[in-house]
Amino acid sequence: MLKSNFSDSNFEAGVDEVGRGSLAGPITAAAVILPKDYRNDELNDSKKLSEKRNELKSIIEKTRLTLLFFLLPHLRLIKSIY
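In the working numbering, the protein residues as written are 8 to 89.
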C-alpha cells in the first residue's frame, strides 16, 4: 500500500472505481479500511492485481475493518450533471 501522508487518524480508506464515463454506464466504487499497521507492497494499483487478485481478496477479507460498495446508475448520474 502507499504510505499515508494525508491523515493522523487511526483509519484511512483505500478507494477504487470502475466505469466507462458518466454517459456510458454506471459507476461502481469500493472502499476498504484496513488496520493502520497493515502493509502489503503489492496492494497499490488495482489494474496490476489480476494475477494476485484471489490471494489478496482472501487477505483483505481476513484483515479488513470495513468494506463498502457504491453503485451509481448512469441515468441518475446524468440527472445530477444537468
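Just so you know, even glycine gets a beta-carbon here, dropped at the ideal spot from N, CA and C.
DSSP bridge partner residues for residue i (one or two, in chain order)
i	result
residue 70	Paired residue(s): none; residue 70 is not in a bridge.
residue 78	35
Residue i and residue j closer than 9 Å at C-beta
i	j	result
residue 74	residue 36	no
residue 63	residue 33	no
Own chain residues within Cβ distance below 8 Å of residue i, not counting five before or after
i	result
residue 70	41, 42 and 45
residue 59	49
Contact set for residue i: own chain, Cβ-Cβ below 6 Å, skip 5 residues either direction
i	result
residue 76	37
residue 17	43
residue 72	40
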